[in-house]
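Per this note's numbering, the sequence shown starts with residue 10, numbered consecutively. Taking it in order: structure first as structure tokens, then the write-up.
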Amino acid sequence: MSFKTNFKKQIFIQAQRLVPQHQFSRIVGKLAGSENPIIKNTVIQAFKAKYAIDLSIAEQSDALKYKSFNEFFTRALKPGVREVDAAHDSIVSPADGAISQIGKIHSGEIFQAKGQQYSVEKLIGDPQLAAVFNEGDFATVYLSPRDYHRVHMPFAGTLTETLYIPGELFSVNQTTAENIPGLFARNERMVCLFDTEVGRMAVVLVGAMIVAGIETVATGKVKPSGRLELQHHDLALEKGDELGRFYLGSTAIVLFERDKMSWENAFKANSLVSMGERLGSLVEVKV
Numbered sequence: 010m011s012f013k014t015n016f017k018k019q020i021f022i023q024a025q026r027l028v029p030q031h032q033f034s035r036i037v038g039k040l041a042g043s044e045n046p047i048i049k050n051t052v053i054q055a056f057k058a059k060y061a062i063d064l065s066i067a068e069q070s071d072a073l074k075y076k077s078f079n080e081f082f083t084r085a086l087k088p089g090v091r092e093v094d095a096a097h098d099s100i101v102s103p104a105d106g107a108i109s110q111i112g113k114i115h116s117g118e119i120f121q122a123k124g125q126q127y128s129v130e131k132l133i134g135d136p137q138l139a140a141v142f143n144e145g146d147f148a149t150v151y152l153s154p155r156d157y158h159r160v161h162m163p164f165a166g167t168l169t170e171t172l173y174i175p176g177e178l179f180s181v182n183q184t185t186a187e188n189i190p191g192l193f194a195r196n197e198r199m200v201c202l203f204d205t206e207v208g209r210m211a212v213v214l215v216g217a218m219i220v221a222g223i224e225t226v227a228t229g230k231v232k233p234s235g236r237l238e239l240q241h242h243d244l245a246l247e248k249g250d251e252l253g254r255f256y257l258g259s260t261a262i263v264l265f266e267r268d269k270m271s272w273e274n275a276f277k278a279n280s281l282v283s284m285g286e287r288l289g290s291l292v293e294v295k296v
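Next comes the structure, spelled out in structure tokens:
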């Protein structure tokens, strides 16, 4: 790595430490929610051009017909654009994006990036709820700004708990993942826990810099309160059902218990994935 490249990375990291993350993100959130035609059309057009957004796969292909930037950003896809793998033993990607990391959880630690790890306990935010995932399996999917930003069920299950955890709002791109210790266990996040036919499953929606909100089908849009918020649910969801969405990009982390499933060998860090694509398989199938 050249000195110039490294210097730019360090400036990027330090800027995130210094900026008032939550205040800045909430201001951006208000802008993103504006229905003023001049504001929302200007922002949508600029964003669409910068990130080469493909609206041909969106249910609404006319960018200017969205009521706000938030509505544009969380746009639905046309029916049939994403096919959910129907095999009973398949685990599918919860979102469009790229694999940040994928593999085994070792001694309660999840691999984040080169030289960085974080604990399952800190990620989940509750020792008892986290314990079942020790020595299990994880996959981290990064949603870039250009991606479809709804998160779906990787496997059928019953949502039993959601736990909102307040935290910081660092960016979650590769540069930050390599330089901020425990990134995903430090950022604001919503932990969704499920009972499935093969045991417990978790899907963690991690917030990030300028993420104006996280929403789930059980809680609605989360209103940050600065405190832990545990809610109990009894909501059955099928594989591929919508679980939640991000208002601006972030990361979804999927966790399974030990020896319940295995990831497909083809997937590794930086592999591109589509929502509904087969990402792994059950080790044991109960029929």
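For glycine and all other residues, C-beta sits at the position ideal for the given N, C-alpha and C. Note that this is a predicted model, so its numbers are computed, not measured.
Asked                                                                                                                                                                         : Found
For Ile133 and Ala217, which I take to be in contact (beta-carbon distance under 8 Å), what is that distance rounded to the nearest angstrom?                                 : With a Cβ gap of about 18 Å, Ile133 and Ala217 do not count as contacting.
Taking Gln54 as part of the alpha helix (DSSP H), name the residues at either end of that continuous run.                                                                     : 46-60
Specify, as a first and last residue, the run of the alpha helix (DSSP H) that Ala139 falls within.                                                                           : 136-139
Would you kindly work out how many angstroms separate the C-alpha atoms of Val207 and Leu40, rounded to a whole number?                                                       : 43 Å
Would you list, in sequence order, the uninterrupted alpha helix (DSSP H) runs of no fewer than 4 residues that lie entirely inside the segment 96-136?                       : 129-133
Quick check on Asp71: buried or exposed, where buried means 16 or more other Cβ atoms within 10 Å of its Cβ?                                                                  : exposed
Thinking C-beta only, is Gly253 closer than 8 Å to Leu214?                                                                                                                    : yes
Below 8 Å, how does it come out for the segment 143-154 and the segment 107-115: are there three or more Cβ pairs, yes or no?                                                 : yes
Could you check where the alpha helix (DSSP H) with Phe82 kicks off and where it finishes?                                                                                    : 78-82
Entirely within the segment 193-227 and at least 3 residues each: give me those beta strand (DSSP E) ranges in chain order.                                                   : 198-205, 208-215, 222-225
Ala245 lies in the beta strand (DSSP E); which residues open and close that run?                                                                                              : 238-246
Count the other C-beta atoms from every protein chain shown that fall within 10 angstroms of the C-beta of Tyr60, then say buried if there are 16 or more, exposed otherwise. : exposed
According to DSSP, is Leu252 part of a helix, a strand, or is it coil?                                                                                                        : strand
If you pair each beta-carbon of the segment 265-285 with each one of the segment 88-106, do three or more pairs fall below 8 Å?                                               : yes
In this structure, does DSSP put Phe142 in helix, strand or coil?                                                                                                             : helix
Are Glu187 and Ala122 close, meaning C-beta to C-beta below 8 Å?                                                                                                              : yes
Since Val93 and Lys248 should fall inside the 8 Å C-beta cutoff, what is the C-beta to C-beta distance between them, to a whole number of angstroms?                          : 6 Å
Does the distance from the C-beta atom of Thr171 to that of Thr228 stay below 8 Å?                                                                                            : yes
Helix, strand or coil: how does DSSP classify Ala261 here?                                                                                                                    : strand
Got a sec, what are the start and stop residues for the beta strand (DSSP E) Ser153 sits in?                                                                                  : Where Ser153 is concerned, there is no enclosing beta strand (DSSP E), given that its DSSP letter is neither H nor E.
Identify the continuous beta strand (DSSP E) that holds His270 and give its terminal residues.                                                                                : Checking the displayed sequence, the identity of residue 270 turns out to be Met instead of His. Counting along the chain, the beta strand (DSSP E) containing Met270 begins and ends at 270-272.
What's the C-alpha gap between Ala278 and Gly235?                                                                                                                             : 33 Å
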